[in-house]
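Undergrad: Structure provided below as C-alpha cells; questions to follow.
Numbering (the working numbering), first residue to last: 15 to 248.
Pasting the structure below:
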C-alpha cells in the first residue's frame, strides 16, 4: 500500500500543508517505510543526517550530550513531526541524537528528493514553520526548567508527549530522568494524577485521559505556587 493511503493524516503535516496535494502525495510515496520494534538510534549527534524523517506513529527522543558528557533530553517528537531536514539543507552534522521508541513507525525521505523541493515556496514556508516551532519549544522548555516544580514539570511533559497520541509508552524511570527527579517522586506524583482521573497507568504505558483537565490542573498548580512564568504546552 502506498504511504499516502496508509497514512493520509500525514498529508496535513506542517511541513507539507502549503504544497499542492499532488506534491504532498508524491512526497509521502517517495519515502521508505520503517518500523522500529525496539528503541533504536536513528540520528547520531555529530554525524551527517542521511535522510529526512517524518514520524507516522510513536515517539522519538531528541537528546544532546555536552562536551563534559552530560546527557540532556531536549524533547520528544511525535506523529506528524519531522527531523533531519535542517541538517540536510545546511549540510551540517546532527545537532542532537534521536532515538525511536519501540513500536515507532517513520517515513524516510532521501536527500536527493529534498533538494528538488527547495525550489517550492510552499515547502520553504513549511521549513520556516518548523524552525519557528523549534524556537517556541526551546523557550517553553527553558521556562519549565527554570520555574516549574517537579509536579508542574511532570504535567508539562505529559501534556507535551501526549499532544498527538494519548497513550505514552514510557517507563517511570525514564520519565524521572526527563523531569529530573527520583523514580519514587515520579511514582508518587503519577499516583496523584491517577487518583484525580487525569491519567491511567499500565505497565510501561501512561494514558492521558483528559488533556484539557490536565492543562487546567497544571494552571491551578501555577496559581498555587505563584509562578511568574507560564509555559505554553505545545
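Ideal placement from N, C-alpha and C gives every residue a C-beta, glycine not left out.
Bear in mind the structure is a predicted one, so any value in this text is a computation, not a measurement.
(1) Note down, in chain order, each residue of its chain lying with its Cβ closer than 8 angstroms to the Cβ of residue 197, except the 5 sequence neighbours on either side.
(2) So, for residue 56: in the same chain, excluding its five sequence neighbours on each side, which residues have a beta-carbon less than 6 angstroms away from its beta-carbon?
(3) Does any CB atom of chain D fall closer than 8 angstroms to the CB of residue 170?
(4) So, does the segment 43-56 touch the segment 114-125, judging by three or more C-beta pairs under 8 angstroms?
(5) Say whether the segment 129-137 touches the segment 202-216, bearing in mind that this needs 3 or more beta-carbon pairs closer than 8 angstroms, one atom from each stretch.
(6) Are the segment 135-155 and the segment 31-38 touching by the rule of at least three beta carbon pairs closer than 8 angstroms?
(7) With DSSP as the reference, label residue 255 as helix, strand or coil.
(8) With a cut-off of 8 angstroms on the beta carbons, I'd call residue 181 and residue 236 a contact; round off their distance for me.
(9) Anyone know if the C-beta pair for residue 77 and residue 88 falls short of 8 angstroms?
(10) Smallest Cα separation from residue 134: which of 18, 37, 238 and 171?
(11) Give the range of the alpha helix (DSSP H) segment to which residue 40 is assigned.
(12) Kindly indicate which three-state DSSP category residue 182 falls into: helix, strand or coil?
(13) So, residue 90 versus residue 73, is the Cβ gap smaller than 8 angstroms?
(14) Shortest alpha-carbon distance to residue 168 belongs to which of 195, 102 and 177?
(15) If we require 3 or more residues per run, which beta strand (DSSP E) segments fall completely within the segment 74-119?
(16) What did DSSP end up calling residue 55 once you bin it into helix, strand or coil?
(17) Give the straight-line distance between the Cα atoms of residue 123 and residue 215, rounded to the nearest whole angstrom.
(18) For residue 246, count neighbouring Cβ atoms within 10 angstroms of its own Cβ and tell me buried if that reaches 16, exposed if not.
(19) Could I get the ranges of all uninterrupted alpha helix (DSSP H) runs contained in the segment 192-236, with 4 residues as the minimum, in chain order?
TA: According to the data block:
(1) In the chain shown, the residue the question calls residue 197 occupies position 183. Counting only Cβ-Cβ distances below 8 angstroms, and skipping sequence neighbours, we find 186, 187 and 190.
(2) Numbered from 1 along the chain shown, position 42 holds the residue referred to as residue 56. Closer than 6 angstroms at Cβ, skipping near neighbours: 112 and 114.
(3) Of the protein chains in this structure there is only one, and it is not chain D.
(4) yes
(5) no
(6) Contact holds: three or more Cβ-Cβ distances are below 8 angstroms.
(7) Because the chain in this structure spans residues 15 to 248, residue 255 falls outside the shown range and cannot be described.
(8) On the chain shown, position 167 is the one that residue 181 refers to. On the chain shown, position 222 is the one that residue 236 refers to. Contact doesn't hold; Cβ gap of about 26 angstroms is too wide.
(9) On the chain shown, position 63 is the one that residue 77 refers to. On the chain shown, position 74 is the one that residue 88 refers to. Result yes, Cβ atoms of residue 77 and residue 88 sit closer than 8 angstroms.
(10) Taking the chain shown and counting its residues from 1, the one referred to as residue 134 is at position 120. Closest by alpha carbon: 37.
(11) As a working mapping, residue 40 is identified with position 26 in the chain shown. Where residue 40 is concerned, the enclosing alpha helix (DSSP H) stretches over 35-44.
(12) Position 168 of the chain shown holds residue 182. It is a strand residue.
(13) Locating residue 90 in the chain shown gives position 76, where the first residue counts as 1. Locating residue 73 in the chain shown gives position 59, where the first residue counts as 1. Against a cut-off of 8 angstroms, the Cβ pair of residue 73 and residue 90 comes out as a contact.
(14) For this step, residue 168 is matched to residue 154 along the chain shown. Nearest C-alpha to residue 168: 195.
(15) 74-79, 85-91 and 111-114, all fully within the segment 74-119.
(16) Residue numbering aside, residue 55 sits at position 41 when the chain shown is read from its first letter. Residue state, collapsed to three classes: strand.
(17) Here residue 123 is taken as the residue at index 109 of the chain shown, counted from 1. Here residue 215 is taken as the residue at index 201 of the chain shown, counted from 1. So the alpha carbons of these two residues sit roughly 36 angstroms apart.
(18) As a working mapping, residue 246 is identified with position 232 in the chain shown. Reliability of the predicted coordinates at residue 246 is poor, the pLDDT of 49 falling under 50, and no value is obtained from them.
(19) 197-209
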